[in-house]
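Q: My numbering numbers the first residue of the sequence shown as 310 and each following residue consecutively. Ideal placement from N, C-alpha and C gives every residue a C-beta, glycine not left out. Quick caveat, the model's predicted, so the values are computed rather than measured.
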Amino acid sequence: MKKRSLFTAKITAGLEGPEVGLDGKDVALLRELARDSRQSQRALSRKVGMSPPAVAERLSRFERTGVVKQYSVSIDWSRLGLGVIAVVNITLTPEADRQCTIEALGELPELEQLTIVTGRYDLTARFRVSDQPHLRELILERVPALPGILRTETLLGLGTVDTDDFASRMFETYPEGAELGAVPAI
310 MKKRSLFTAK ITAGLEGPEV GLDGKDVALL RELARDSRQS QRALSRKVGM SPPAVAERLS
370 RFERTGVVKQ YSVSIDWSRL GLGVIAVVNI TLTPEADRQC TIEALGELPE LEQLTIVTGR
430 YDLTARFRVS DQPHLRELIL ERVPALPGIL RTETLLGLGT VDTDDFASRM FETYPEGAEL
490 GAVPAI
């Protein structure tokens, strides 16, 4: 049985089928996409030393196998009136159907991220709201009315420290030409 590294195990978690093998060119291509996913295939091909058709085929394979889930944009939500961040730790009732609660939370447009956690709480939700009245309505009325919610604890964000994109930083730990699964030199 092939030993899986932590990194390759994570990128294949939840996928049906075999683990996705990535060679040095794949890693280089993903590193460039993580830096800027708006680059043209021609620009990517120059940076990784491959022909544009070869880059197109690899990008297609990444999409087909689920390695690349989407190409996205980073939005400054505070400039659009959603600058208040609330982290809500949620405890479920003992008889709660966790999946039902997760789906109900997922329908709230303010939900930015939901994490299933261990410890004192069952879920941690990150919401973006416009102001205190919006937060009050969300936290005191809508969230407690959802199925399975026993109690919540709300933490108000006082500011955000922007970090470099995780994918960019992770791929930077792998030396040029390294295959995924190699131990990064940290």
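Looking at the C-beta of residue 329, does it have a partner C-beta in chain D at a distance below 9 Å?
A: Of the protein chains in this structure there is only one, and it is not chain D.
Q: Would you decide whether residue 437 is buried or exposed? Buried here means 16 or more other CB atoms lie within 10 Å of its CB.
A: Counting from one through the sequence shown, the residue named residue 437 turns up at place 128. Flag for residue 437 reads buried.
Q: List, from N- to C-terminal side, the beta strand (DSSP E) runs of 3 residues or more that fit wholly inside the stretch 379-403.
A: As far as the stretch 379-403 is concerned, its whole beta strand (DSSP E) runs of at least 3 residues are 393-401.
Q: Could you tell me the distance, in whole angstroms, from the CA atom of residue 342 to the CA atom of residue 411?
A: Here the question's residue 342 lines up with position 33 in the sequence shown. Here the question's residue 411 lines up with position 102 in the sequence shown. Whole-angstrom Cα-Cα distance: 31 Å.
Q: Could you check how far apart the C-beta atoms of residue 432 and residue 444 are, in whole angstroms? I think they sit under 8 Å.
A: Against the sequence shown, residue 432 aligns to sequence position 123. Against the sequence shown, residue 444 aligns to sequence position 135. That belief does not hold up - the Cβ atoms of residue 432 and residue 444 are roughly 18 Å apart, past 8 Å.
Q: Which same chain residues end up closer than 7 Å to residue 365 when comparing Cβ atoms and leaving out the 5 residues on each side of it in sequence?
A: Numbered from its first residue, the sequence shown carries residue 365 at position 56. For residue 365, where only same-chain residues beyond five positions count, the Cβ hits under 7 Å are 350.
Q: Give the straight-line distance between the Cα atoms of residue 339 and residue 482, rounded to the nearest whole angstrom.
A: On the sequence shown, residue 339 is found 30 positions in, with the first residue counted as 1. On the sequence shown, residue 482 is found 173 positions in, with the first residue counted as 1. Each residue's alpha carbon lies about 13 Å from the other.
Q: Hey, is the stretch 399-409 in contact with the stretch 442-462, meaning 3+ C-beta pairs nearer than 8 Å?
A: Counting Cβ pairs under 8 Å, three or more are found: they touch.
Q: Whole angstroms are fine: how far does the CA of residue 369 sit from the CA of residue 468?
A: Here the question's residue 468 lines up with position 159 in the sequence shown. Here the question's residue 369 lines up with position 60 in the sequence shown. Distance between the alpha carbons of residue 468 and residue 369: 38 Å.
Q: Could you give the residue range of the alpha helix (DSSP H) that holds residue 481?
A: Within the sequence shown, the letter at position 172 stands for residue 481. 475-481 is the span of the alpha helix (DSSP H), which, as asked, contains residue 481.
Q: Applying the 10 Å Cβ sphere with the 16-neighbour rule, what's the burial state of residue 323?
A: As a first step, residue 323 must be located in the sequence shown, where it is residue number 14. Model confidence at residue 323 stands at a pLDDT of 47, short of 50, so the residue's coordinates are unreliable; what they give is reported in the following sentence. Under this definition residue 323 is an exposed residue.
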